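Participant: The following block contains the structure, expressed as structure tokens.
There are 2 protein chains.
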Amino acid sequence: MTEKAANDVASRLDLPCSVARSLEVLSDRWVFLILREAFFGEHYYDRFRSNLGIATNILSSRLKSLVDNGVLAKQADESDARRIRYSLTEKGLDLYSVTVALIGWGDKWLSDEDGPPLKLHHKTCGHRLRPQMCCKHCGKAVRARDVSYARK
Amino acid sequence: MTEKAANDVASRLDLPCSVARSLEVLSDRWVFLILREAFFGEHYYDRFRSNLGIATNILSSRLKSLVDNGVLAKQADESDARRIRYSLTEKGLDLYSVTVALIGWGDKWLSDEDGPPLKLHHKTCGHRLRPQMCCKHCGKAVRARDVSYARK
DNA sequence: ATAACTCGCTTGCTAATTGCAAGTGACTTT
DNA sequence: AAAGTCACTTGCAATTAGCAAGCGAGTTAT
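Chains as they are written, first to last, in this note's numbering: chain P, 1493 to 1644; chain A, 1493 to 1644.
See below:
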């Protein structure tokens, strides 16, 4: 690594912004694929590698970065000291909203004639999950034109 | 460009997946920053460039890609034939859920002591917007553990 | 106990991508 | 007609990605 990170996105931006800050942690095409696997129940290095076809050096560096950023946690496997169990932290679990938003958009706009590649089932209500971004206060669906912005 | 896209993420994945498909279009740290600007009301090349500090060749290629993918639309400015007005298509507007999910996560986990860098105001109900991913059917908040997956 | 194997990396190398600086051509203003 | 603006494109140096191979610690098989 260089002594100064050249890719410090947020530092280049004149206004502080949660999109930019989040992308510092997440903006890599492998990161969300690793998270997808984690949300689908995977916990081990070799499962990530074989499910994704990712190069080992890239996987190592992404896992390290996700652990350093508190999105994943490393635990020793009790039955085998070589194995490392990666699991989502609370901070990582909270990325489910972003992952589900990506799934929802992809399902709507990038599906072929077979429809969505994966069906999500909402166990809470027993129906197919179609995700929707809502306002915590009023519960209504949020659209871009309904939101205004105030700089701090 | 090479004659064959080396970065065709989805083609490498054994299972079709909306996360992978979406990331083919979106996985670049500039893409969401450009979209952020678009959601904040920007429409012109030079505004994107100066607000983001992005290199002109990268901005061109990202705008082209977003237009090719139907996320942004190019229109001629009627008052000046040189100017090109970029605006979000319906497909692009639908990415608001992902953008808001990123903002929500960043606000919660990456804020400093000053709190969120930008306050979102939900005009529909008049309160501060705190975004939440919900089930369209039952309206309840969605958490990772409440969802199961069925391959098609 | 020793050889083979598995796991989670690391290193070397090449190819692709990034970003800066400078330039280009179409159009507009002075 | 000259200067300026707009949306790029090109050349080049530096960074990053990805493949293949190797490595050390721990485990299983003989």
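The C-beta atom is built at its ideal place from N, Cα and C for all residues, glycine as well. Since the structure is predicted, the reported quantities are computational estimates derived from the model, not experimental observations.
Are there 16 or more other CB atoms within 10 angstroms of the CB of G1607/A, so buried, or fewer, so exposed?
Facilitator: exposed
Participant: Of the residues L1518/A, L1558/A and T1616/A, which one's Cα is nearest the Cα of C1442/P?
Facilitator: The structure shown has nothing for residue 1442/P, since chain P only spans 1493 to 1644.
Participant: Who are P1623/A's beta bridge partners in DSSP?
Facilitator: C1627/P
Participant: Can a CB atom of chain P be found closer than 8 angstroms to the CB of S1553/A?
Facilitator: No, S1553/A does not count as interfacial toward chain P.
Participant: Measuring only between beta-carbons, confirm whether T1548/P sits less than 8 angstroms from chain A.
Facilitator: no
Participant: Taking the straight line between their C-alpha atoms, what separation do you get for E1605/A and D1638/P?
Facilitator: 28 angstroms
Participant: Can you list, in chain order, the residues of its chain whose CB lies under 8 angstroms from that of R1620/A, leaving out five sequence neighbours each side?
Facilitator: K1611, L1612, H1613 and H1614
Participant: Considering only residues of the same chain and omitting the five flanking positions on each side of E1529/A, which have a CB-CB separation below 8 angstroms?
Facilitator: R1539, F1540, N1543 and L1544
Participant: Would you please verify whether the beta carbon of L1564/A is less than 8 angstroms from any beta carbon of chain P?
Facilitator: So, not an interface residue.
Participant: Taking buried to mean at least 16 other C-beta atoms within 10 Å of its own C-beta, is A1642/A buried or exposed?
Facilitator: Around the beta carbon of A1642/A, fewer than 16 other beta carbons lie within 10 angstroms, which makes this residue exposed.
Participant: Show which residues of chain P have a CB atom less than 8 angstroms away from the CB atom of H1613/A.
Facilitator: V1639, S1640, Y1641 and A1642
Participant: Compute the beta-carbon to beta-carbon distance between W1601/P and D1560/A, rounded to the nearest angstrom, for a pair I have assumed lies under 8 angstroms.
Facilitator: Between W1601/P and D1560/A, the beta carbon gap of about 14 angstroms keeps them out of contact (Cβ cut-off 8 angstroms).
Participant: Select from F1531/A, R1521/A, R1574/A and E1570/A the residue whose C-alpha is nearest the C-alpha of L1551/A.
Facilitator: R1521/A
Participant: Can you name, in chain order, every residue of its own chain whose Cβ lies under 8 angstroms from the Cβ of A1593/P, other than the five neighbours on each side?
Facilitator: P1623 and M1625
Participant: In the stretch 1511-1592 of chain A, which residue ranges form an unbroken alpha helix (DSSP H) of at least 4 residues, counting only runs that do not cross its ends?
Facilitator: Counting only runs of 4 or more, we get 1521-1531, 1537-1544, 1548-1560 and 1582-1585.
Participant: Going along chain P in order, which residues have a C-beta closer than 8 angstroms to the C-beta of H1629/A?
Facilitator: H1614, C1617, H1619, R1620, L1621 and R1622
Participant: Run through DSSP, which three-state label would K1632/P get?
Facilitator: coil
Participant: Secondary structure at G1596/A, three-state DSSP: helix, strand or coil?
Facilitator: G1596/A falls in the helix class under three-state DSSP.
Participant: Could you pull the DSSP bridge partners for K1611/A from this structure?
Facilitator: According to DSSP, which records beta bridges pairwise, K1611/A is partnered with A1642/P.
Participant: I'd like to know whether the C-beta atoms of Y1588/P and F1531/P end up nearer to each other than 8 angstroms.
Facilitator: yes
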